[in-house]
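2 protein chains.
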Amino acid sequence: MPAKAANPLDRMFHPESIAIVGASATNLEGSWVRRLINFGYTGQIYPINPKATEIDGLKAYPSVRDIPGPVDYAIFNIPARLTPQIMADCVAKGVRYVHVFAAGFSEIGTEEGKQTEVRLKQIAKEGGLRVLGPNCMGIYCPASGMTFNPDFPKEKGKVAFVSQSGAESMRLVFLAQDLGIYFSKVISYGNAIDLDAHDFLEYLSGDDETEVIACYIEGLHQGPRFLSAIKRCLQRKPVIVLKAGLTESGAGAAASHTASLAGSKAVWDAFFKQTGAIPASTMDEVADIVQAIQRMVAPKGRRVAIVGRGGGIGVIAADICERAGLKVPPFHPETQKKLLEIIPEAGAGVRNPVETTLGMGGAVDFYRRGLPIVDADPATDVILVHMAIDVYGGHTPDLPQRVTDAADALCEKAKTLRKPLAAALFTGGHADTIMAVVAAREKLTKASIPVFTGVESASRAISKFASYSLAHPQ
Amino acid sequence: MPAKAANPLDRMFHPESIAIVGASATNLEGSWVRRLINFGYTGQIYPINPKATEIDGLKAYPSVRDIPGPVDYAIFNIPARLTPQIMADCVAKGVRYVHVFAAGFSEIGTEEGKQTEVRLKQIAKEGGLRVLGPNCMGIYCPASGMTFNPDFPKEKGKVAFVSQSGAESMRLVFLAQDLGIYFSKVISYGNAIDLDAHDFLEYLSGDDETEVIACYIEGLHQGPRFLSAIKRCLQRKPVIVLKAGLTESGAGAAASHTASLAGSKAVWDAFFKQTGAIPASTMDEVADIVQAIQRMVAPKGRRVAIVGRGGGIGVIAADICERAGLKVPPFHPETQKKLLEIIPEAGAGVRNPVETTLGMGGAVDFYRRGLPIVDADPATDVILVHMAIDVYGGHTPDLPQRVTDAADALCEKAKTLRKPLAAALFTGGHADTIMAVVAAREKLTKASIPVFTGVESASRAISKFASYSLAHPQ
Chain A
1 MPAKAANPLD RMFHPESIAI VGASATNLEG SWVRRLINFG YTGQIYPINP
51 KATEIDGLKA YPSVRDIPGP VDYAIFNIPA RLTPQIMADC VAKGVRYVHV
101 FAAGFSEIGT EEGKQTEVRL KQIAKEGGLR VLGPNCMGIY CPASGMTFNP
151 DFPKEKGKVA FVSQSGAESM RLVFLAQDLG IYFSKVISYG NAIDLDAHDF
201 LEYLSGDDET EVIACYIEGL HQGPRFLSAI KRCLQRKPVI VLKAGLTESG
251 AGAAASHTAS LAGSKAVWDA FFKQTGAIPA STMDEVADIV QAIQRMVAPK
301 GRRVAIVGRG GGIGVIAADI CERAGLKVPP FHPETQKKLL EIIPEAGAGV
351 RNPVETTLGM GGAVDFYRRG LPIVDADPAT DVILVHMAID VYGGHTPDLP
401 QRVTDAADAL CEKAKTLRKP LAAALFTGGH ADTIMAVVAA REKLTKASIP
451 VFTGVESASR AISKFASYSL AHPQ
Chain B
1001 MPAKAANPLD RMFHPESIAI VGASATNLEG SWVRRLINFG YTGQIYPINP
1051 KATEIDGLKA YPSVRDIPGP VDYAIFNIPA RLTPQIMADC VAKGVRYVHV
1101 FAAGFSEIGT EEGKQTEVRL KQIAKEGGLR VLGPNCMGIY CPASGMTFNP
1151 DFPKEKGKVA FVSQSGAESM RLVFLAQDLG IYFSKVISYG NAIDLDAHDF
1201 LEYLSGDDET EVIACYIEGL HQGPRFLSAI KRCLQRKPVI VLKAGLTESG
1251 AGAAASHTAS LAGSKAVWDA FFKQTGAIPA STMDEVADIV QAIQRMVAPK
1301 GRRVAIVGRG GGIGVIAADI CERAGLKVPP FHPETQKKLL EIIPEAGAGV
1351 RNPVETTLGM GGAVDFYRRG LPIVDADPAT DVILVHMAID VYGGHTPDLP
1401 QRVTDAADAL CEKAKTLRKP LAAALFTGGH ADTIMAVVAA REKLTKASIP
1451 VFTGVESASR AISKFASYSL AHPQ
């Protein structure tokens, strides 16, 4: 027996049976039934379709009421106007959780849409049934074989994402996949007539499968409960919050998208200050911060050692770091002296930023001999390697090989470093180079080195992770 | 005869003869001689090497003094300590311009380096010879076949770049090449013991081959002359200035890189305010702003119409635009009404941002039927299309084709639009998609649609171009 009581939402993420209301008998490709089967859901699937007896090899039922066994979870893939009746059927059947995928409720702004939503809510509440949605993608949980997108990865991970937007939930999963980051649970919760962001956050705060939580919010229905849920999560794990609609333009868009009152910037500034939640402003930044958290040792300070080639590039990188809230101080004199011994050329900087030695093998050689020196420097806390090898090679045939060699050398050396390490790897626009960069990125992320598209995104993520880790020492 | 007097620097960019001092007789690959021959320089090349009689099929001379004909331009590819003597030879020979490629002067901080630089400067000044450098890459001018990098494109363009950093000059040329943008002249000027940023800017202000000027500066030797040169340029054409070293970290790095006093942020803020020069903070941003200037109709205001898929993505995009100094106001009611007619689905926004219709062909269909409606909207000035089609497709086999179809449809429709148009095209991390995105980017840029990596970079560039164009109405 587990020591702690199971959270009732556990069953929602691991249902033993799922009814699909509005299961298509003709369009199997892309159907919810096919999606669950293909994704590896092993529980009972009940297709509901009054005109079919069998769908995709499974017995179909005219109504939820006709299902012989118990039903944990039902997905409503039907027009909005039909949902109250089906909800009543689900109550009668004793269904525990309903995901209303359908749109066409309060978010479209019509009187009919609003009234349907009110009725739906009332039926569920009176029947003691919990509702996810309406107007949402629902649940992605690789461990239980649940997904709303057939192309999502089946790999399990330790990141949870709670999203008011369905599109953002898809965007983050794919962005993260490209970086080798996977999820425990993703919840797109839509209009939230019942289960809301704070319910999922409270659940995730105690979920052992989740180490990092990210959240996309346009507006809140219950501010105080959200605040307390976020605080509870932050006692145990980092939480990243992308609050969209903080500008006038964004607030207008949010009102149109989810009928949300976006809330004032001052209120949200206070929220971040009070809770210590990590703020993000784009989905790419969310993925970057997750990478930093999952792959870097917690920084003990904000002082960055920059390693790369190109004096001017180093100056710009230093400016970018400071604008992101970091510092690029000079290395300790002893460090500079040691670096000078391995970089004999005139003009190459050793102060910080330090330049990798010139020539084709410069980066590789420096990673091997120079990184340990930088790692031992007492004046800096984090190492940021910008692999701007393209600058010196342009579109030469040997560039892909050089990118590969540099990645191999960095992966090898990274194991021996004690400081947190991050890599900025510029993709470029040339086909051969891009392929090499994609392969190098995969190598680096597999070696647990976070890879960012540039110094700008890297420094933002490092700075935000540093703020979190300095406020939450292990 | 030309109506205006030729600028004396014209000859430096179009020399009739070039002497290479320190021409290698053994390492031909990668040599300055081979570089000029391969790049198409058609003037006379004189290799100088006391130990060779012929290099790469050209007669070699022991000294500049031994060259039979006149010499317009000499490149010093020799150690710093040898440069004063060779400079004296050049004065004796009557060489007009010398590019001192060598490093090892004041920038390394040694007494010897500083003294060599002083002597070099004195000899050149007394001899009436103009010097480019030392410690710099020199000139890239596709029209005359001059280059310092063998992999630079031979295509001529209308952009000039004046750079205190050699690495940055390479980075911008390659970044721009990936976007289909080419150069009239690129000058990496290094320590500037004689010819300095203001000399090149004054020249470029009157250069008919140059329509846009960009500039990378760490520190100035003659502030007032720089200021007046920038003002003169801005009377005729846009000038983008990347002033590096404006933070404490960056200023420290600049001191180490080019021994520059970076100058205070307040002074540079005043500079930008007074001149109207377009500020940039990264090289990617310079390339983005150049794209906006070269490819967009001048915006008549700051109000952006956002077109794409995904409600939450639209909210974030609106926030990003406003943070970049733009606005995303609601469309005129008439526009919304017309859009609703072609987007019948529940939940798709028509207020602004407008969502392209769902499904595989959604983007293509919207570009054809919806863009003309957005183009006619009186409440917005610029159209920003974010082609986040990957969000809805993930890593599906048909995504590359969809990216291609969307790009084709946008290219076709773009010709008919009157408003300035920009595209944000997210690269993604999946090999097949990336290849399709690279191909789509090429199509779009060839159709003169600026392509940015995301809404963030797009909105920054649009905002800065709008500031310039509103202050400089045509």
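Listed in order, the protein sequences are those of chains A and B.
Residue 152 in our numbering sits at position 152 of the first sequence, and the numbers go up by one each step.
For our numbering, count along the second sequence from 1 and bump the result up by 1000.
Yeah, the Cβ is synthetic: ideal placement off N, Cα and C, and Gly gets one too.
- Counting only residues of its own chain and dropping the five nearest sequence neighbours on each side, A/Y73 has a CB closer than 6 angstroms to the CB of P15, I18 and Y97.
- Contact of B/P1070 with chain A is not assigned, every C-beta pair being separated by 9 angstroms or more.
- Exposure of A/S264 is indicated by the presence of fewer than 16 other C-beta atoms within 10 angstroms of its C-beta.
- With a threshold of 9 angstroms between beta carbons, A/T26 makes no contact with chain B.
- Here DSSP, grouped into helix, strand and coil, assigns B/R1369 to helix.
- In the three-state scheme derived from DSSP, where H, G and I count as helix and E and B as strand, B/H1198 is classed as helix.
- Beta-bridge pairing by DSSP links B/R1303 to B/K1327.
- For A/Q401, the uninterrupted alpha helix (DSSP H) segment begins and ends at L399 to A414.
- Taking all protein chains shown into account, A/E112 has fewer than 16 neighbouring C-beta atoms within 10 Å of its C-beta and is therefore exposed.
- Taking C-alpha positions only, B/P1084 is separated from B/S1063 by approximately 14 angstroms.
- Within chain A, the residues G312 have their CB atoms less than 8 angstroms from the CB of B/Q1164, given in chain order.
- Relative to the Cα of A/K121, the nearest Cα in the group A/C90, A/D151, A/M137 and A/S144 belongs to A/C90.
- Per DSSP, B/C1136 lies in no beta strand (DSSP E) and is assigned neither H nor E.
- The Cβ atoms of A/P238 and A/I217 lie no closer than 9 angstroms to each other.
- With the rule of 3 Cβ pairs closer than 8 angstroms, the segment 1317-1331 of chain B counts as touching the segment 249-258 of chain A.
- In the three-state reduction of the DSSP assignment, B/V1239 falls in the strand class, which pools E and B.
- Shown here, B/E1111 sits in a helix according to DSSP, grouped into three states.
- Within chain B, no residue has its CB atom less than 7 angstroms from the CB of A/K419, the nearest being about 18 angstroms off.
- Within chain A, the residues whose beta carbon sits less than 9 angstroms from that of B/M1435 are A431, I434 and M435, listed in sequence order.
- Looking at the backbone, the Cα of B/G1138 and that of B/V1100 are separated by about 8 angstroms.
- Of the residues assessed, A/E29 falls on the exposed side of the cut-off, its CB having fewer than 16 other CB atoms within 10 angstroms.
- Only residues of its own chain outside the window of five on either side were considered, and among them A1102, G1104, F1105 and T1116 have a CB closer than 6 angstroms to the CB of B/A1080, listed in chain order.
- For B/G1252, the nearest beta carbon of chain A is closer than 9 angstroms to its own beta carbon.
- Spatial neighbours of B/A1406 in its own chain (CB-CB distance under 8 angstroms, excluding positions within 5 residues in sequence) are listed in chain order as A1363, V1364, Y1367, M1387, I1389 and A1440.
- Between B/P1329 and B/I1383, the C-beta spacing is not below 9 angstroms.
- Fewer than three pairs of CB atoms, one per stretch, sit closer than 8 angstroms, so the segment 332-345 of chain A makes no contact with the segment 414-430 of chain A.
- Near chain B, meaning a CB-to-CB distance below 9 angstroms, the residues of the segment 302-332 of chain A are V304, I306, R309, G310, G311, G312, I313, G314, V315, I316, A317, A318, D319, I320, C321, E322, R323, L326, K327, V328, P329 and P330.
- The C-beta of A/M283 comes closer than 9 angstroms to at least one C-beta of chain B.
- Cβ-Cβ separation between B/A1160 and B/E1202: approximately 12 angstroms, too far for a contact (criterion under 8 angstroms).
- Interface criterion met: the Cβ of A/D178 is under 9 angstroms from a Cβ in chain B.
- Taking a beta-carbon distance threshold of 9 angstroms, B/E1248 counts as an interface residue toward chain A.
- Its Cα nearest to that of A/K156, the residue A/Y140 stands out among A/P150, A/Y140, A/A255 and A/S163.
- Exclusion of the five residues before and after A/L371 leaves K413 as the residues of its chain whose Cβ lies within less than 6 angstroms of its Cβ.
- B/T1427 and B/E1168 have their C-alpha atoms some 23 angstroms from each other.
- Note that the C-beta distance between A/A298 and A/F465 is below 9 angstroms.
- Comparing C-alpha distances from A/S24 to each of A/L58, A/G40 and A/G349 shows the shortest one belongs to A/L58.
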